[in-house]
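Taking it in order: structure first as structure tokens, then the write-up.
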Amino acid sequence: MGEREEDDKEAWLQLRPVEPLPSQCCGAGCSPCVFDLYQRDLARWEAARASKDRSLLGGKESQSCPSKLSPETFLAFRISAVDKLTKDTYRVRFALPRNSQLGLRPGQHLILRGIIDDLEIQRAYTPISPANAEGYFEVLIKCYQTGLMSRYVESWRAGDTAFWRGPFGGFFYKPNQYGELLMLAAGTGLAPMVPILHSITDNADDETFITLVGCFKTFEGIYLKAFLQEQARFWNVRIFFVLSQSPPLFLIIPGELPRAASLELPGQDPLRPPGPGPD
212 MGEREEDDKE AWLQLRPVEP LPSQCCGAGC SPCVFDLYQR DLARWEAARA
262 SKDRSLLGGK ESQSCPSKLS PETFLAFRIS AVDKLTKDTY RVRFALPRNS
312 QLGLRPGQHL ILRGIIDDLE IQRAYTPISP ANAEGYFEVL IKCYQTGLMS
362 RYVESWRAGD TAFWRGPFGG FFYKPNQYGE LLMLAAGTGL APMVPILHSI
412 TDNADDETFI TLVGCFKTFE GIYLKAFLQE QARFWNVRIF FVLSQSPPLF
462 LIIPGELPRA ASLELPGQDP LRPPGPGPD
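Heads up, the sequence shown is in our numbering, so the first residue is 212 and it goes up one at a time.
Below is the structure:
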């Protein structure tokens with residue numbers, strides 16, 4: 212009897228949730244956070260152990276592509292394409308089943324989980340595909356030489372599987388909510404702006420005026436250049452590129468010749484474009 216009880220105790224301890232490491236938190240202020248999920252699972256484990264009912268242990272990770280996201284559970288998505296945009300930046304497409312939609316609202320993001328050298332890490336990324344895209348979603352990811360998640364992403368090939376949870380984010384864009392929007396983005400900070408741009412220009416009834424200032428090192432290093440040039444043709448969209456490694460005091464405006472770097476904002480004094488970001 213004593214050995215059986217000891218074996219049972221050991222079995223329950225093996226089922227006890229493992230407290231996350233600091234590296235497993237993406238730092239984006241998500242709710243629920245990975246530590247919130249740990250506390251939830253720990254409470255579930257304690258209740259199951261007290262009642263000796265293992266059926267109370269739920270919430271296991273899905274290994275198949277779902278039709279709906281979950282902010283609490285990582286779900287598997289198959290990689291259908293990996294497109295290298297620059298020497299260190301990738302656009303990755305993930306497949307959705309049955310031509311379904313991801314279900315994010317413009318302004319929301321997802322959490323990606325990666326495992327490198329037995330260390331679990333999590334990072335936040337904003338899909339750049341239109342909110343109404345069917346059968347897929349895309350993300351823009353920059354890789355860094357010493358980044359753990361970067362090593363994981365650079366190992367991706369079409370057909371691989373990656374795990375995401377979400378959606379997260381407290382900013383929700385509504386059509387015509389603002390008369391004008393000024394967007395400032397450096398490098399891959401452009402990603403959260405893209406679905407909002409999609410949302411406005413795909414809606415003929417949305418007359419919001421947009422000014423996007425994107426900061427990059429070089430003209431060749433501008434992400435999603437073709438998409439931005441297409442967006443700049445809309446009557447209510449202005450796009451400026453500020454380049455840190457080009458001659459000073461010049462902007463590149465899609466579809467136009469370079470002009471002096473001063474940006475006139477409605478109702479404001481002329482505003483110098485922001486300096487280059489961390490990209």
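Even glycine gets a Cβ: it sits at the ideal position worked out from N, Cα and C.
(message) Is the beta carbon of residue 313 closer than 8 angstroms to that of residue 280?
(response) Counting from one through the sequence shown, the residue named residue 280 turns up at place 69. Counting from one through the sequence shown, the residue named residue 313 turns up at place 102. Yes.
(message) Check this for me: beta carbons of residue 361 and residue 349, under 8 angstroms apart or not?
(response) Translated into positions along the sequence shown, residue 361 becomes position 150. Translated into positions along the sequence shown, residue 349 becomes position 138. No, these two residues do not count as a Cβ contact at 8 angstroms.
(request) Taking all protein chains shown into account, decide if residue 410 is buried (16 or more other Cβ within 10 angstroms of its Cβ) or exposed. (result) Here the question's residue 410 lines up with position 199 in the sequence shown. So residue 410 counts as buried.
(request) Can you grab the Cα-Cα spacing for the pair residue 386 / residue 328, in whole Å? (result) Walking along the sequence shown from the start, residue 386 turns up at place 175. Walking along the sequence shown from the start, residue 328 turns up at place 117. Going from the Cα of residue 386 to the Cα of residue 328 covers about 45 angstroms.
(message) Please classify residue 433 as buried or exposed, where buried requires at least 16 neighbouring CB atoms within 10 angstroms.
(response) As a position in the sequence shown, residue 433 is number 222, starting the count at 1. When all chains shown are included, residue 433 counts as buried.
(message) Just to confirm before moving on: does the CB-CB distance between residue 336 and residue 352 stay below 8 angstroms?
(response) Stepping through the sequence shown from its first residue, residue 336 is reached at position 125. Stepping through the sequence shown from its first residue, residue 352 is reached at position 141. Yes; because the gap between Cβ atoms is below 8 angstroms, this pair is in contact.
(request) Determine the direct distance from the alpha carbon of residue 431 to that of residue 297, and round the result to whole angstroms. (result) Against the sequence shown, residue 297 aligns to sequence position 86. Against the sequence shown, residue 431 aligns to sequence position 220. One C-alpha to the other measures close to 8 angstroms.
(request) Could you check if residue 368 is buried or exposed, using at least 16 other CB atoms within 10 Å of its CB as the buried criterion? (result) Mapped onto the sequence shown, residue 368 falls at position 157. Residue 368 should be labelled exposed.
(message) My parser needs the beta strand (DSSP E) runs of 3 or more residues fully inside the stretch 413 to 460; what are they?
(response) 420 to 427, 448 to 454
(message) Short of 6 angstroms in beta carbon distance, which residues of its chain neighbour residue 316, apart from the five on each side in sequence? Order them along the chain.
(response) Here residue 316 refers to the residue found at position 105 when the sequence shown is read from its first residue. Cβ within range, chain order: 383.
(message) Whole angstroms are fine: how far does the CA of residue 258 sit from the CA of residue 440?
(response) As a first step, residue 440 must be located in the sequence shown, where it is residue number 229. As a first step, residue 258 must be located in the sequence shown, where it is residue number 47. Spanning the two alpha carbons is a distance of roughly 57 angstroms.
(request) Note down, in chain order, each residue of its chain lying with its Cβ closer than 6 angstroms to the Cβ of residue 394, except the 5 sequence neighbours on either side. (result) Counting from one through the sequence shown, the residue named residue 394 turns up at place 183. For residue 394, where only same-chain residues beyond five positions count, the Cβ hits under 6 angstroms are 404, 423.
(message) Can you look up residue 407 in the DSSP assignment and give me helix, strand or coil?
(response) Position 196 of the sequence shown, counted from the start, is the residue given in the question as residue 407. Residue state, collapsed to three classes: helix.
(message) What does the Cβ neighbour count give for residue 309, buried or exposed, with the cut at 16 atoms within 10 Å?
(response) As a first step, residue 309 is located in the sequence shown; it is residue number 98 there, counting from the start. Exposed: under 16 other Cβ atoms inside 10 Å.
(request) Pull up the distance between the alpha-carbon of residue 428 and that of residue 311, whole angstroms please. (result) Here the question's residue 428 lines up with position 217 in the sequence shown. Here the question's residue 311 lines up with position 100 in the sequence shown. The straight-line gap from Cα to Cα measures roughly 37 angstroms.
(message) With H, G and I counted as helix, E and B as strand and the rest as coil, what does DSSP make of residue 546?
(response) The structure shown has nothing for residue 546, since the chain only spans 212 to 490.
(request) Leaving out five residues on either side along the sequence, give the residues of the same chain with a beta carbon under 6 angstroms from the beta carbon of residue 407. (result) Working through the sequence shown from its first residue, we reach residue 407 at position 196. For residue 407, where only same-chain residues beyond five positions count, the Cβ hits under 6 angstroms are 317, 384.
(message) What does the alpha-carbon distance come out to for the pair residue 449 and residue 303?
(response) As a working note, residue 449 is residue 238 in the sequence shown. As a working note, residue 303 is residue 92 in the sequence shown. Spanning the two alpha carbons is a distance of roughly 27 angstroms.
(request) Tell me whether residue 446 is buried or exposed, calling it buried when 16 or more other Cβ atoms sit within 10 Å of its Cβ. (result) Indexing the sequence shown from 1 puts residue 446 at position 235. Its Cβ having fewer than 16 others within 10 Å, residue 446 is exposed.
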